[in-house]
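Per this note's numbering, residue 133 is the first one in the sequence shown, and the count goes up by one each step.
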Amino acid sequence: MSPYGPKRLRALAAAALALIGFAVQPAAAQGWPQRPVRLVVPFAPGGVSDVAARLVANDLGKALGQSVIVDNKAGAQGVVGSLQVKQATPDGYTLVLMSSSVACVNPYLRKEFPFSAQRDFAPVGMIGSAPLMMLVSPSLGVRTLPEFLAYAKANVGKVNYATPGIGGSGHLYSEVFNAQRGLGMLHVPYQGGAPAIQAMHTGEAAMTMADMSFVESQVNSGKLVALAVAGEQRWPRLPNVPTFIESGHSINLVGWVGLMAPAGTPAAVLERLNEELRKITATAANKDTLLRMGVLAGTGSTADMTRALVQGCPPWGEAVRQAGIRPE
133 MSPYGPKRLR ALAAAALALI GFAVQPAAAQ GWPQRPVRLV VPFAPGGVSD
183 VAARLVANDL GKALGQSVIV DNKAGAQGVV GSLQVKQATP DGYTLVLMSS
233 SVACVNPYLR KEFPFSAQRD FAPVGMIGSA PLMMLVSPSL GVRTLPEFLA
283 YAKANVGKVN YATPGIGGSG HLYSEVFNAQ RGLGMLHVPY QGGAPAIQAM
333 HTGEAAMTMA DMSFVESQVN SGKLVALAVA GEQRWPRLPN VPTFIESGHS
383 INLVGWVGLM APAGTPAAVL ERLNEELRKI TATAANKDTL LRMGVLAGTG
433 STADMTRALV QGCPPWGEAV RQAGIRPE
């Protein structure tokens with residue numbers, strides 16, 4: 133007969149299983165990856181998120197010795213692809229290119245949202261920030277943000293601003309600025325960034341907040357005038373344009389893209405991914421490539437990613453409220 137009673141045996145069995153679990157996870161992580169890794173981009177091919185994902189996937193695959201396959205799963209403003217990753221096995225073989233629009237904006241646009249970026253995903257690291265720049269038509273005759281403010285205040289209710297659509301970062305940023313300064317600007321949404329820029333050329337709109345990927349050629353050609361850029365630093369490729377902060381307007385809204393995995397992914401796998409992501413975002417060639425697509429390379433830091441989720445998301449929710457957008 134065993135010297136241990138039934139309760140004692142059950143306790144010993146539970147302890148043994150726990151020890152096995154602790155041992156298996158590092159062992160599994162050490163052997164990872166043994167097959168290709170899937171990187172889900174929850175948007176259609178060709179956008180900023182897609183291009184950033186392909187840059188990361190290429191270098192990450194070389195570092196890991198396994199292919200990292202970019203899988204575009206567009207739908208419902210990024211929800212479809214992100215939800216697939218949330219539901220995937222947390223073994224390090226499924227990742228997602230997360231963005232501020234999916235993690236921070238979309239949850240405030242819906243009464244019911246199927247996931248929480250903070251709860252259901254584990255941060256790997258920040259790829260970079262994607263700030264917006266305020267542009268105006270040269271026909272306004274203004275060259276600085278104070279001059280535009282004076283013009284808008286002298287024409288309250290008569291100044292239109294263009295955006296790529298309702299609920300996007302350009303719309304939200306513009307509405308926060310509009311509300312803070314009491315400008316009474318009128319929102320004119322278009323179907324995408326290119327039509328919004330075209331509206332500036334034709335005079336249908338006087339101002340827009342545009343992604344940096346649209347900005348440089350417009351400013352350098354003199355077709356549009358840049359007044360200020362969001363974020364904490366000037367855009368390296370347009371260094372003469374001041375930040376909103378420098379101009380006395382502190383609006384805590386900056387877009388970003390980062391790498392995440394399903395919650396429960398082994399810590400050792402996350403650490404390896406973060407180690408490689410830091411290297412990827414640190415190279416001069418990758419920094420330049422990201423800049424040209426409108427992304428200011430980050431440090432790859434997990435802490436920066438966590439900070440963007442915890443501290444950076446609530447201001448987007450407040451922006452949705454100020455824009456008068458009701459969750460559907």
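Yeah, the Cβ is synthetic: ideal placement off N, Cα and C, and Gly gets one too.
Keep in mind that this is a model prediction, so the values were computed, not measured.
C-alpha distance - residue i paired with residue j, whole-angstrom precision
i	j	result
Glu-460	Asp-420	39 angstroms
Pro-239	Phe-245	6 angstroms
Ser-353	Val-347	10 angstroms
Leu-385	Gly-197	37 angstroms
Tyr-400	Lys-411	Before going on, a small fix: residue 400 reads as Ala here, not Tyr. Approximately 17 angstroms between the Cα atoms of the pair.
Ser-261	Trp-388	4 angstroms
Pro-263	Ala-451	16 angstroms
Pro-270	Leu-281	15 angstroms
Gly-430	Asn-418	11 angstroms
Ala-455	Ser-199	43 angstroms
Ala-159	Ala-435	A caution first: Ala-159 carries a pLDDT of 43, below 50, which makes its placement in the model unreliable, though a value can still be read off. About 26 angstroms.
Phe-253	Ser-233	15 angstroms
Ala-208	Ser-345	23 angstroms
Local Cβ density within 10 Å of residue i, reported as buried at 16 or more and exposed below that
i	result
Asn-406	buried
Asn-372	exposed
Gly-153	Only weak support exists for where Gly-153 lies, its pLDDT of 45 falling under 50; the value from the coordinates is given anyway. Gly-153 is exposed by the Cβ-count criterion.
Gln-350	buried
Arg-404	buried
Thr-221	exposed
Pro-464	Shown here, the chain extends from 133 to 460; a query on residue 464 therefore has no answer.
Residue i, DSSP secondary structure in three states
i	result
Gly-298	The amino acid occupying residue 298 in the given sequence is Ile; Gly does not appear at that position. Looking at Ile-298 - three-state DSSP - the assignment turns out to be coil, as it is neither helix nor strand.
Ala-159	Note that Ala-159 scores a pLDDT of 43, beneath 50, so its modelled location is shaky; the value from the coordinates is reported in the next line. In the structure shown, Ala-159 sits in a helix (DSSP, three-state: H, G or I).
His-303	helix
Ala-328	helix
Leu-422	helix
Met-317	coil
Close Cβ partners of residue i (< 6 angstroms) along its chain, the five nearest in sequence each way excluded
i	result
Gly-224	Trp-164, Thr-397 and Val-401
Ser-231	Ser-181 and Val-389
Leu-277	Leu-359, Ala-360 and Ser-379
Gln-250	Leu-441
Ile-298	Pro-321
Residues near residue i by beta carbon distance below 8 angstroms, same chain, minus five either side
i	result
Ile-201	Pro-168, Val-169, Arg-170, Leu-171 and Ala-189
Val-212	Pro-174, Lys-205 and Ala-206
Residues sharing a beta bridge with residue i, DSSP
i	result
Pro-394	Phe-253
Leu-264	Asp-343
Thr-226	Arg-170
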